[in-house]
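Protein chains: 2
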Amino acid sequence: MSQSFDIAVVGATGTVGETLVQILEERDFPVANLHLLASSESAGHSVPFRGKNVRVREVDEFDFSKVQLVFFAAGPAVTLSFAPRATAAGCALIDLSGALPAEQAPQVVPEANSSVLAGLKKPFQVSSPSASATTLAVVLAPLRDVLDLQRVTVTASLAVSAQGREAVTELARQTAELLNVRPLEPRFFDRQMAFNLLAQVGTPDAQGHTLLEKRLVRELREVMAQPLLKISATCVQAPVFFGDSFSVTLQSTKAIDLAAVNAALEAAPGVELVEAGDYPTPVGDAVGQDVVYVGRVRSGVDDPTELDLWLTSDNVRKGAALNAVQVAELLIKDLV
Amino acid sequence: MSQSFDIAVVGATGTVGETLVQILEERDFPVANLHLLASSESAGHSVPFRGKNVRVREVDEFDFSKVQLVFFAAGPAVTLSFAPRATAAGCALIDLSGALPAEQAPQVVPEANSSVLAGLKKPFQVSSPSASATTLAVVLAPLRDVLDLQRVTVTASLAVSAQGREAVTELARQTAELLNVRPLEPRFFDRQMAFNLLAQVGTPDAQGHTLLEKRLVRELREVMAQPLLKISATCVQAPVFFGDSFSVTLQSTKAIDLAAVNAALEAAPGVELVEAGDYPTPVGDAVGQDVVYVGRVRSGVDDPTELDLWLTSDNVRKGAALNAVQVAELLIKDLV
Ligand SMILES: NC(=O)c1ccc[n+]([C@@H]2O[C@H](COP(=O)([O-])OP(=O)(O)OC[C@H]3O[C@@H](n4cnc5c(N)ncnc54)[C@H](OP(=O)(O)O)[C@@H]3O)[C@@H](O)[C@H]2O)c1
Ligand SMILES: NC(=O)c1ccc[n+]([C@@H]2O[C@H](COP(=O)([O-])OP(=O)(O)OC[C@H]3O[C@@H](n4cnc5c(N)ncnc54)[C@H](OP(=O)(O)O)[C@@H]3O)[C@@H](O)[C@H]2O)c1
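Same order as they appear, the protein sequences are chains A and B.
Residues 1 to 336, numbered by the UniProt record's numbering, are exactly what the first sequence covers, in order.
Residues 1 to 336, numbered by the UniProt record's numbering, are exactly what the second sequence covers, in order.
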């Protein structure tokens, strides 16, 4: 089919938005006209696409009836302001901000629950989950048939890029100051990020859980279609620029069949299983890649019903931009 | 009592050994003569103690009958070579290398199982556990009475100093190379450590567990006197110079009483509970301190039998040197 589509990317100058535009090009997404949108701050800048520089415009002035599909990658406030306009114009939307409720825009990870798309009504509205839920779903979905999953305990060590451009700049600045033995005044983060671990990303609620942790739990349950799955989540900020890492402990009701687990991961789309004895790292493996790396596959020291895994993925690419584009590739089959 | 003792420190020029000598001074440990020992490489160097420089000598040539107590902080091979000599000379020993079996030298964390010391025969032999097991025991022991602990799931993010001086130098070197955009050839670590997370510290066994992880499980069970406690451990190397951090999820058989947990931690020796909403970090809180910091105390998102905690402690000080000195303070009461 040679049908092509007019597309808009809101937040095109951001960490996720720029990668999204790159991926549309790399994967030869059938784009007719591409509209790049951001705030007034970067309106007038341009972003390269297929050898040309595409001018960025202000989202406020955009007429959504010009496009058939829009990606929202500019934070929840922007989604909440402009999604209704897009939908009113009959435009399909994929939101990366987590702002829309499940009833309106279900969370979709193609490797885990693409069947959800078949039930959607036009204009399509889909959410691409947080990078943590996306990464976990890519790996846990193929294990559904080989273990009776009861409980997931995860410590997510997030890259600073999970908080956008400013966070990346700040980690670099802090590191340089410290190496030059200059006094450090933290900006952006509430304390020293370089050579440190921050155990809390965002403000916790009265129970002590952060929004990111609650999103991880809610979105992973939704994508796995296991609303009662027990999930314990701790999200930590690590002094890593790009690439999230996950220490995952799973509980099954029965003894884990490690050979079956390995075979399922070996065969799973979007997963790269590293050899036993080796292990993947964000910098050396995940960054720039389209797969979630899995290593350290083992059962408990003396609990055969426990399965331990280490995952790492490019939070901006596999965790966000690529997942959204994969969803779009499925959606456009029904957009015609 | 004004009794004082002749003491030897093997590995006195190392990360742990130097701190140990400092702590003996800080805590006014009743030292008569202090003998500092290391390999031939640093024999002749000196280390400050009570305003004087104490010359370091070769352990090979040392006559252990000169001292009543020796600390071994020079790795398992050195302990295995020289512990028999020390014991034959009637000298009490505290080993920090993990080389000695539990039957010979029980693992002791004073805050958790000091009663074990009463059962020892002379010459006393005690092990100070790995920094991970020590830190966890300090926090979990006071919780024994307020929850029915069934399962501990821990992801330990270890500081590079856990691997000694060379590791510290290498993280600094790598970071400087990267900030100066020079090509990186990793030394000491098998790959890039700066701005990265290494999911495996040491070589895993056939089941996929590393020695550090197995030590953590074994030692924590021993110190908690819960040989059947289910423990899942993942030890990760983080780009942090000093201070280990632990993401801990506990399972109890009954609903967690958070007020009782907080009260127990508030009252526990060696523990500093940070306020709800705040969180401790290795760099900002733990380093240089004599306590384990605990934060992010919360029960599961919707599982009241789950308790989540974040711990951080100075691996060299609280995790190793201070624990050994605390053991020594108890031992000398019976050395006379
Ligand atoms: N980074 C990740 O790993 C990741 C992963 C999954 C999901 N997400 C989500 O993706 C979204 C973007 O994150 P990011 O990391 O790319 O952030 P970022 O690097 O800070 O970029 C933010 C983008 O949003 C635009 N924007 C901000 N305020 C705007 C406004 N009022 N009107 C129009 N555009 C506005 C910015 O445009 P200007 O240049 O004009 O300021 C920029 O293009 C967020 O919802 C985030 O939660 C991020
Ligand atoms: N670092 C931690 O956080 C930590 C925590 C808990 C336990 N530990 C344990 O404490 C011990 C020391 O660790 P570290 O981190 O202090 O290591 P380190 O900084 O590398 O220091 C090693 C020390 O051992 C000495 N040594 C090495 N080989 C020797 C030999 N053949 N004969 C005599 N002395 C020798 C070194 O002396 P030279 O100067 O002569 O080489 C140095 O004093 C290890 O068993 C480690 O597992 C460390």
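Even glycine gets a Cβ: it sits at the ideal position worked out from N, Cα and C.
By the criterion of a C-beta distance shorter than 6 angstroms, B/Val240 is surrounded in its chain by Ala159 and Pro282, once the five residues flanking it on both sides are discounted.
Beta-carbon to beta-carbon, B/Arg317 and B/Thr19 are separated by about 6 angstroms, close enough to satisfy the 8 angstroms threshold.
Taking 8 angstroms as the cut-off, the Cβ atoms of B/Arg296 and A/Gly90 do not count as close. Within the UniProt domain "Semialdehyde dehydrogenase NAD-binding" (6-120) of chain B, complete alpha helix (DSSP H) segments of at least 4 residues are found at 15-26, 76-88 and 110-113, given in chain order.
Residue state for A/Ile256 is assigned as coil, using DSSP reduced to three classes. Looking at the DSSP output, B/Lys230 shares a beta bridge with B/Arg151. In chain order, Phe195 make up the part of chain A whose C-beta sits under 9 angstroms from the C-beta of B/Phe241.
Setting aside the 5 residues that flank it on each side, B/Val31 is surrounded in the same chain by Ser4, Phe5, Ile7 and Leu24, each with a C-beta closer than 7 angstroms to its C-beta; the list follows chain order.
Apart from the 5 residues on each side of it in sequence, B/Leu198 sits with its Cβ closer than 6 angstroms to the Cβ of Gln237 in its chain, given in chain order. DSSP places A/Leu322 in no beta strand (DSSP E) but in the uninterrupted alpha helix (DSSP H) bounded by Leu322 to Leu331. With respect to chain B, the C-beta atom of A/Ala176 has a partner C-beta closer than 8 angstroms.
Ranked by Cα distance from B/Leu140, the options B/Ser252, B/Glu185 and B/Glu275 are led by B/Ser252. Between B/Val138 and B/Glu111, the C-beta gap is smaller than 8 angstroms, which places the two residues in contact.
Across the structure, A/Tyr279 and B/Thr203 are spaced so that their CA atoms are roughly 11 angstroms apart. At least one heavy atom of ligand 2 lies closer than 7 angstroms to the C-beta of B/Ser130.
Contact annotation: the segment 175-188 of chain A does not touch the segment 291-305 of chain A, with fewer than three C-beta pairs closer than 8 angstroms. Residue environment: A/Asp95 is assigned as buried (16 or more neighbouring CB atoms within 10 Å of its CB, all protein chains considered). Residue side-chain check: A/Leu96 places its Cβ nearer than 7 angstroms to a non-hydrogen atom of ligand 1. Considering only B/Ala83, B/Gly98 and B/Ala99, the residue with the shortest C-alpha distance to B/Ala92 is B/Ala83. At the C-beta level, B/Ala162 and B/Ala131 come within 8 angstroms of one another.
The C-beta of B/Glu103 comes no closer than 8 angstroms to any C-beta of chain A. For B/Ser132, the uninterrupted alpha helix (DSSP H) run begins and ends at Ala131 to Leu140, by DSSP.
By the neighbour-count criterion, in which 16 or more other beta carbons inside 10 Å mark a residue as buried, B/Ala320 falls on the buried side.
One alpha carbon belongs to A/Ser115, the other to A/Ala225, and they sit about 11 angstroms apart. Under the 10 Å beta carbon count, A/Ser40 is surrounded by fewer than 16 other beta carbons and is classified as exposed. The Cβ neighbour count for A/Pro304, taken over all protein chains shown within 10 Å, is under 16; the residue is labelled exposed. For the pair B/Arg173 and A/Leu309, the Cα-to-Cα distance works out to about 30 angstroms.
Only buried fits A/Gln192, as 16 or more other CB atoms lie within 10 angstroms of its CB. Shown in chain order are the members of the segment 301-328 of chain A whose Cβ falls below 7 angstroms from a Cβ of chain B: Val301, Asp303, Glu306, Asp308 and Trp310.
A straight-line Cα-Cα distance of about 13 angstroms links B/Ala324 and B/Gln22. Taking the Cβ of B/Pro76 as the reference point, at least one heavy atom of ligand 2 falls within a distance shorter than 7 angstroms. Taking 9 angstroms as the cut-off between beta carbons, none of the residues of the segment 28-47 of chain A comes near chain B.
Burial check for A/Val201: the Cβ neighbour count within 10 Å reaches 16 or more, so the residue is buried.
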